[in-house]
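Trainee: Chains as they are written, first to last, in the working numbering: chain A, 1295 to 1853; chain B, -4 to 73.
Here's what the structure looks like:
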């Protein structure tokens, strides 16, 4: 993956730590950096290396303080010279050019901060508005991110207020090497970039499994009783209240919450039902493992019931013993060391770098409900003696729809992060999808599934490529969320694709499986639906040879 | 004389396993020791020896021996 850095200071100091940190994305990172004095030359010259190279990702880190420093003019308000104003205008123009010329790349732009050495002290805000000027620039930059869909803003300003300039900067290097960042600064800056890269690549955890005693509340419910546990909206009980609020915040972003606690169910039920300051209610938890079994077993079962990988789980427990046990037996699970001090719980949780998003879709908001309903479905499934009867009882409706502006974000999200039922695991980016949409040969569909329990939302994507010359319809990708696997929905989708090929007058359907360590659940999809193998992992179905039937438990609605 | 600690910092920052370093060694003699690495080495030396150099002192460094001398000087005057 080609990554370019554009900067007006010596950002190459960052690269060592960037390369080390970006390794967790398991991508080969190739960095292009033209030097700090090349910033405008590279952008305003349409033949520049930058535009020839077309990096997938561009980081723009422009520190306006280098420009403001020698261009302060106290006769003006804001107290800067015309020249500085022009340079900054030029900067915005440059960002726009990069966004437009590299329309298939993603452009990350640092927002701006005012170096405190430039601030006018007590005059600031009262007489001069230099801070105000910088805030305005940040607002302008924000507007850019909504205007250009390939621009993402990096909140550098907030990083600097969090740690402070005195902790992040070393002014000796400002004079000697045109970079202010000290070791700590470089470390934190590369962490910030990594968070954004993870959001871009969809690298994130899906589920938080929490303990109860001394985690959701202070004290041990079985010993202390409901009146004596620490949980309230003031005093030290508020630390736990705030921790629950932070968890609720993740829940609302679509992170699944589950409980993994050694406790008696009825005692815990009482807390959920009667405690006035329980922010989280029973229905916020998709799975509740409240028993005296080993937590390792409980977590394995949790993953199974949710149909997610162990490596999608983050486990939070105040007990070092439990944490070490889980770390030892289930190294795939992320087990952060919760601070001993409950007043740090909430901020610790917020700062965990496992849940980075750039956008949220309707589906994220609904995800938790969907998982909870799924657990209910499973319970009902066990009351039927055969699977067909059960599927029939669900009264499933499948809605298939060609991509539009509303389904676009969810489609990209599914492409980016679905691991299990994903026939080829081609990770098309937002911009790839935009390109495909603009051609005739590619057709991208999403499908949603609803049943008597409720609406699952968009749960799958398939991408078709029609090849008139060879008279074939190729299934480039077939992706389905793990939460609907096992309901034979793939049969309905392939039925639809068959009808489509017929309608287009094509002779055959071709498809490929690209095996990955995780996509076992979809390996046999073509075999099970009557395709013949032409070589290993390449499948074909000749239209005139076969008459597929739609199982009677589906109703397909094509929009 | 270059201390083992200084030598190991230099090797680590340059991602090298072994190399001949003497008092007279200059950055140019060692593969990968560019101005960027130079600052990384200075930062690491400061952190690990618990010293802090002045801008002027950093500029006066001509060879590895100078770094050692500076470290010794700083530690003596602490």
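For each residue, glycine too, the CB sits at the ideal point set by N, CA and C.
When the distance is taken between beta carbons, is residue 1755 (chain A) closer than 8 Å to residue 1690 (chain A)?
Mentor: Position 396 of the first chain, counted from the first residue, corresponds to residue 1690 (chain A). Position 461 of the first chain, counted from the first residue, corresponds to residue 1755 (chain A). Going by C-beta atoms, residue 1690 (chain A) is not nearer than 8 Å to residue 1755 (chain A).
Trainee: What does the Cβ neighbour count give for residue 1548 (chain A), buried or exposed, with the cut at 16 atoms within 10 Å?
Mentor: The sequence position of residue 1548 (chain A) within the first chain is 254, counting from 1. That one is buried.
Trainee: Between the region 1311 to 1319 of chain A and the region 1363 to 1377 of chain A, are three or more C-beta pairs nearer than 8 Å?
Mentor: Short answer: they don't touch.
Trainee: I believe residue 1541 (chain A) touches residue 1643 (chain A) by the beta-carbon criterion, under 8 Å. Please report the beta-carbon distance rounded to the nearest angstrom.
Mentor: Taking the first residue of the first chain as position 1, residue 1541 (chain A) is located at position 247. Taking the first residue of the first chain as position 1, residue 1643 (chain A) is located at position 349. Yes, they are in contact, since the Cβ atoms of residue 1541 (chain A) and residue 1643 (chain A) sit about 7 Å apart, within 8 Å.
Trainee: By DSSP's criteria, residue 1849 (chain A) is part of a beta bridge. Which residues make up the other side?
Mentor: Counting from one through the first chain, the residue named residue 1849 (chain A) turns up at place 555. Looking at the DSSP assignment, residue 1849 (chain A) forms a beta bridge with A:1691.
Trainee: For chain B, find out if any of its Cβ atoms is closer than 8 Å to the Cβ of residue 1471 (chain A); answer yes or no.
Mentor: Translated into the one-based positions of the first chain, residue 1471 (chain A) becomes position 177. By this cut-off, residue 1471 (chain A) is an interface position.
Trainee: Classify residue 1823 (chain A) as helix, strand or coil using the three-state DSSP reduction.
Mentor: Counting from 1 along the first chain, the entry for residue 1823 (chain A) is found at position 529. Residue 1823 (chain A) falls in the coil class under three-state DSSP.
Trainee: Determine whether the beta carbon atoms of residue 1601 (chain A) and residue 1777 (chain A) lie at a separation below 8 Å.
Mentor: On the first chain, position 307 is the one that residue 1601 (chain A) refers to. On the first chain, position 483 is the one that residue 1777 (chain A) refers to. Cβ distance < 8 Å, so residue 1601 (chain A) and residue 1777 (chain A) count as in contact.
Trainee: Mind checking whether residue 1336 (chain A) and residue 1347 (chain A) have CB atoms under 8 Å apart?
Mentor: Here residue 1336 (chain A) refers to the residue found at position 42 of the first chain. Here residue 1347 (chain A) refers to the residue found at position 53 of the first chain. Going by C-beta atoms, residue 1336 (chain A) is not nearer than 8 Å to residue 1347 (chain A).
Trainee: Can you check whether the CB of residue 1612 (chain A) is closer than 8 Å to the CB of residue 1638 (chain A)?
Mentor: Within the first chain, numbered from 1, the residue matching residue 1638 (chain A) stands at position 344. Within the first chain, numbered from 1, the residue matching residue 1612 (chain A) stands at position 318. No, they are not a contact pair.
Trainee: For residue 1450 (chain A) and residue 51 (chain B), what's the separation of their Cα atoms in angstroms?
Mentor: Within the first chain, the letter at position 156 stands for residue 1450 (chain A). Within the second chain, the letter at position 56 stands for residue 51 (chain B). So the alpha carbons of these two residues sit roughly 31 Å apart.
Trainee: Compute the Euclidean distance between the alpha carbons of residue 1843 (chain A) and residue 1534 (chain A), then round it to the nearest angstrom.
Mentor: Looking up residue 1843 (chain A) in the first chain gives position 549. Looking up residue 1534 (chain A) in the first chain gives position 240. If you take the alpha carbons of residue 1843 (chain A) and residue 1534 (chain A), they lie about 55 Å apart.
Trainee: Cβ atoms of residue 1608 (chain A) and residue 1577 (chain A): under 8 Å apart, would you say?
Mentor: Start at 1 with the first residue of the first chain, and residue 1577 (chain A) comes out as number 283. Start at 1 with the first residue of the first chain, and residue 1608 (chain A) comes out as number 314. Not closer than 8 Å, so no.
Trainee: Along the chain, which unbroken stretches of the beta strand (DSSP E) at least 3 residues long are found entirely within the region 1774 to 1825 of chain A?
Mentor: Counting whole runs of 3 or more residues, the region 1774 to 1825 of chain A contains the beta strand (DSSP E) stretches 1802 to 1806.
Trainee: Using a Cβ cut-off of 8 Å, pull out every chain A residue sitting near residue 53 (chain B), in sequence order please.
Mentor: Reading the second chain from its first residue, position 58 is the one you call residue 53 (chain B). In chain order: 1466, 1470.
Trainee: With residue 1582 (chain A) as the anchor, note down where its beta strand (DSSP E) starts and where it stops.
Mentor: Position 288 of the first chain holds residue 1582 (chain A). Here the beta strand (DSSP E) through residue 1582 (chain A) covers 1579 to 1585.
Trainee: Per DSSP, what are the beta-bridge partners of residue 28 (chain B) in this structure?
Mentor: Counted from its first residue, the second chain places residue 28 (chain B) at position 33. Bridge partners of residue 28 (chain B): none, in fact.
Trainee: Nearest chain A C-beta to residue 42 (chain B) closer than 8 Å, yes or no?
Mentor: Against the second chain, residue 42 (chain B) aligns to sequence position 47. So, interface residue.
Trainee: Identify the contact partners of residue 50 (chain B) in chain A, using a Cβ-Cβ distance below 8 Å as the criterion.
Mentor: Mapped onto the second chain, residue 50 (chain B) falls at position 55. Those within 8 Å of residue 50 (chain B) in chain A are 1466, 1469, 1470.
Trainee: Going along the chain, which residues of the region 1672 to 1698 of chain A sit with their C-beta nearer than 8 Å to a C-beta in chain B?
Mentor: Under the 8 Å Cβ criterion, the region 1672 to 1698 of chain A contributes no residue.
Trainee: What distance in whole Å lies between the Cβ atoms of residue 1774 (chain A) and residue 1863 (chain A), which are believed to be in contact at a cut-off of 8 Å?
Mentor: Residue 1863 (chain A) is absent from the model: chain A starts at 1295 and stops at 1853.
Trainee: Cutting at 6 Å between CB atoms, please list the residues of its own chain near residue 1464 (chain A), excluding the five before and the five after it.
Mentor: Against the first chain, residue 1464 (chain A) aligns to sequence position 170. Result list for residue 1464 (chain A): 1476, in chain order.
Trainee: Distance cutoff 8 Å, beta carbons only. Does residue 34 (chain B) sit that close to anything in chain A?
Mentor: Position 39 of the second chain, counted from the start, is the residue given in the question as residue 34 (chain B). So yes, residue 34 (chain B) belongs to the interface.
Trainee: When the Cα atoms are used, what is the spatial distance from residue 1382 (chain A) to residue 1457 (chain A)?
Mentor: Position 88 of the first chain, counting from 1, holds the residue named residue 1382 (chain A). Position 163 of the first chain, counting from 1, holds the residue named residue 1457 (chain A). When rounded, the distance between both Cα atoms is 26 Å.
Trainee: Can you say whether residue 1827 (chain A) is buried or exposed, counting buried as having 16 or more other CB atoms within 10 angstroms of its CB?
Mentor: The count along the first chain starts at 1 and reaches residue 1827 (chain A) at position 533. Exposed is the call here.
Trainee: Please compile the residues from chain A whose C-beta is within a distance smaller than 8 Å of the C-beta of residue 30 (chain B).
Mentor: Against the second chain, residue 30 (chain B) aligns to sequence position 35. Here the neighbours are 1471.
Trainee: Classify residue 1355 (chain A) as buried or exposed, calling it buried when 16 or more other Cβ atoms lie within 10 Å of its own Cβ.
Mentor: The residue you call residue 1355 (chain A) lines up with position 61 of the first chain. Residue 1355 (chain A) comes out buried.
Trainee: In whole angstroms, give me the CA-to-CA distance for residue 1332 (chain A) and residue 1400 (chain A).
Mentor: Residue 1332 (chain A) sits at position 38 when you count from the first residue of the first chain. Residue 1400 (chain A) sits at position 106 when you count from the first residue of the first chain. Cα-Cα distance, rounded: 20 Å.
Trainee: Scan the region 1297 to 1310 of chain A for residues whose Cβ lies nearer than 9 Å to a Cβ of chain D and list them as they occur along the chain.
Mentor: Checking the listed chains, one finds no chain D in this structure; the protein chains it contains are A and B.
Trainee: Quick one, which residues of the region -2 to 20 of chain B are near chain A if we go by CB-CB under 8 Å, in chain order?
Mentor: The region -2 to 20 of chain B vs chain A, Cβ under 8 Å: nothing.
Trainee: Per DSSP, what are the beta-bridge partners of residue 1754 (chain A) in this structure?
Mentor: Counted from its first residue, the first chain places residue 1754 (chain A) at position 460. DSSP lists A:1741, A:1774 as partners of residue 1754 (chain A).
Trainee: Bridge partners for residue 1298 (chain A) per DSSP, in chain order?
Mentor: Residue 1298 (chain A) sits at position 4 when you count from the first residue of the first chain. Paired residue(s): A:1326, A:1352.
Trainee: In terms of residue numbering, what span does the beta strand (DSSP E) encompassing residue 1414 (chain A) cover?
Mentor: To locate residue 1414 (chain A), count along the first chain from 1; it is residue 120. It is not in any beta strand (DSSP E) - residue 1414 (chain A) carries neither H nor E in the DSSP assignment.
Trainee: Residue 1352 (chain A) and residue 1298 (chain A): beta carbons closer than 8 Å?
Mentor: The residue given as residue 1352 (chain A) occupies position 58 in the first chain. The residue given as residue 1298 (chain A) occupies position 4 in the first chain. Their beta carbons are under 8 Å apart, which means residue 1352 (chain A) touches residue 1298 (chain A) by this criterion.
Trainee: Could you tell me the distance, in whole angstroms, from the CA atom of residue 1452 (chain A) to the CA atom of residue 1408 (chain A)?
Mentor: Taking the first residue of the first chain as position 1, residue 1452 (chain A) is located at position 158. Taking the first residue of the first chain as position 1, residue 1408 (chain A) is located at position 114. Residue 1452 (chain A) and residue 1408 (chain A): Cα-Cα distance of roughly 11 Å.
Trainee: Please report the residue range of the alpha helix (DSSP H) in which residue 1313 (chain A) lies.
Mentor: Along the first chain, one-based indexing puts residue 1313 (chain A) at 19. 1309 to 1316 is the span of the alpha helix (DSSP H), which, as asked, contains residue 1313 (chain A).
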